[in-house]
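What follows is a short report on a single structure.
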Amino acid sequence: MKILVAVKRVVDYNVKVRVKADQSGVELANVKMALNPFCEIAVEEAVRLKEQGVASEIVVVSVGPATAQEQLRTALALGADRAVLVESAEELSSLAVAKLLKAVVDREQPQLVITGKQAIDSDNNQTGQMLAALCGFAQGTFASRVEVAGDSVKVTREIDGGLQTVALKLPAIVTTDLRLNEPHYASLPNIMKAKKKPLDLLTPQALGVSTASTLKVLKVEAPAARSAGIKVKSVAELVEKLKNEAKVI
Ligand code: AMP
Numbered sequence: 000m001k002i003l004v005a006v007k008r009v010v011d012y013n014v015k016v017r018v019k020a021d022q023s024g025v026e027l028a029n030v031k032m033a034l035n036p037f038c039e040i041a042v043e044e045a046v047r048l049k050e051q052g053v054a055s056e057i058v059v060v061s062v063g064p065a066t067a068q069e070q071l072r073t074a075l076a077l078g079a080d081r082a083v084l085v086e087s088a089e090e091l092s093s094l095a096v097a098k099l100l101k102a103v104v105d106r107e108q109p110q111l112v113i114t115g116k117q118a119i120d121s122d123n124n125q126t127g128q129m130l131a132a133l134c135g136f137a138q139g140t141f142a143s144r145v146e147v148a149g150d151s152v153k154v155t156r157e158i159d160g161g162l163q164t165v166a167l168k169l170p171a172i173v174t175t176d177l178r179l180n181e182p183h184y185a186s187l188p189n190i191m192k193a194k195k196k197p198l199d200l201l202t203p204q205a206l207g208v209s210t211a212s213t214l215k216v217l218k219v220e221a222p223a224a225r226s227a228g229i230k231v232k233s234v235a236e237l238v239e240k241l242k243n244e245a246k247v248i
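Counted from 1, the sequence shown has number 110 at position 111 by numbering that gives the first Met the number 0; the numbering is strictly sequential.
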């Protein structure tokens, strides 16, 4: 079966993000960018399904600027077979991204779509769900285990205080949680091989999708700086401060 994995280029998780002076967003100039960690887990899961003989082809797709080709090459080095970039320099809403991904699903006809549960830049946690709704596919979100059997996929989901297992009829969408797997590093030979793998360029216009947004980001603010902590000399002093200063007990 064919698996489509959606991957996003985001600010590397090690970078301390800085809000732009005009509060319109975060500073991206000269900032290290990377494959969104949950998308890396999505690619790894697809690769494992291919190694098990369940998947026959892995296509990775990204919506973003031309530079997102770097992250697609990373996904190819991790084991994907082919990549598609829907090139757009605009800041797109989740719904616009989901509509573009739906157009790619229509072209590629995958049996399984895997996305991350969330992109660590905007923390939206909604693109996979929106895509499932647009495609009319079943969805298994926050997956910590994925088992394909015949025409269905069993997904163990991480929910508050426990696990829920659901069976989805294929085609379906799975979104990955942190504990699904531990992605391996791409080896140098695979990084070299990835340079030769096919990468197709598409545009929203070519897909016939309008990316006009009904959502506007009004402002982005950094969290308030935390005041420094203090050291107390005794438990009695701690209790006194919690009672009289913090007033929490
Ligand atoms: P979000 O809803 O933005 O938190 O993203 C959840 C998941 O949707 C990500 O982990 C990706 O798998 C997918 N996704 C979001 N934005 C994009 C994008 N621009 N291109 C490809 N996939 C995306």
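Each residue gets a CB set at the ideal place from its N, CA and C atoms; glycine is no exception.
Treat the numbers as computed from the prediction; the structure is a model and nothing was measured.
Compute the Euclidean distance between the alpha carbons of residue i and residue j, then round it to the nearest angstrom.
i	j	result
MET129	MET0	23 Å
ASN35	GLU107	23 Å
ALA193	ASP80	9 Å
ILE172	GLY139	6 Å
MET191	THR73	10 Å
ARG178	VAL59	21 Å
VAL14	ALA221	14 Å
LYS257	ASN29	Residue 257 falls outside the range modelled here, since the chain spans only 0 to 248, and no answer is possible.
PRO197	THR66	16 Å
ALA227	VAL234	20 Å
ASP159	PHE141	11 Å
GLY24	LYS215	12 Å
THR174	VAL247	39 Å
VAL85	VAL104	12 Å
ALA20	ALA223	15 Å
VAL42	SER87	22 Å
LEU169	CYS134	12 Å
THR114	ASN243	49 Å
GLU146	ALA132	22 Å
ALA211	LYS101	16 Å
GLU89	ARG225	34 Å
VAL96	LEU187	32 Å
GLN117	GLU26	20 Å
LEU252	GLY161	Nothing about residue 252 can be reported from this structure: the residues present for the chain run from 0 to 248 only.
ILE40	VAL165	20 Å
ALA137	ASN180	22 Å
PRO64	LEU241	51 Å
PRO203	SER209	7 Å
PHE37	HIS183	13 Å
ALA82	LEU75	7 Å
Please classify residue i as buried or exposed, where buried requires at least 16 other C-beta atoms within 10 Å of its C-beta.
i	result
ILE2	buried
ILE229	exposed
GLN22	exposed
LYS7	buried
LEU77	buried
ASP150	exposed
ALA5	buried
ASP122	exposed
VAL231	exposed
GLN70	buried
GLU236	exposed
GLY207	exposed
GLU44	buried
Helix, strand or coil for residue i per DSSP?
i	result
ASP268	No answer is possible for residue 268: it lies beyond the span of the chain, which begins at 0 and ends at 248.
VAL247	coil
ILE40	helix
LEU217	coil
VAL238	helix
LEU48	helix
ARG8	strand
LEU27	coil
MET0	coil
ALA33	strand
VAL112	strand
VAL18	strand
Using only the heavy atoms of ligand 3, determine whether one of them is closer than 8 Å to the beta carbon of residue i.
i	result
ASN243	By its list of ligands, the structure shown excludes ligand 3, since it contains just ligand 1.
Unbroken stretches of the beta strand (DSSP E), 3 residues or longer, contained in the segment 122–205 = 137–148, 151–158, 161–168, 171–175 and 198–201
Stretch-stretch touch, CB-based, cutoff 8 Å, three pairs: the segment 36–55 with the segment 15–24 = no
Sequence ranges, beta strand (DSSP E) only - wholly within the segment 44–99, length at least 3 | 56–63 and 81–86
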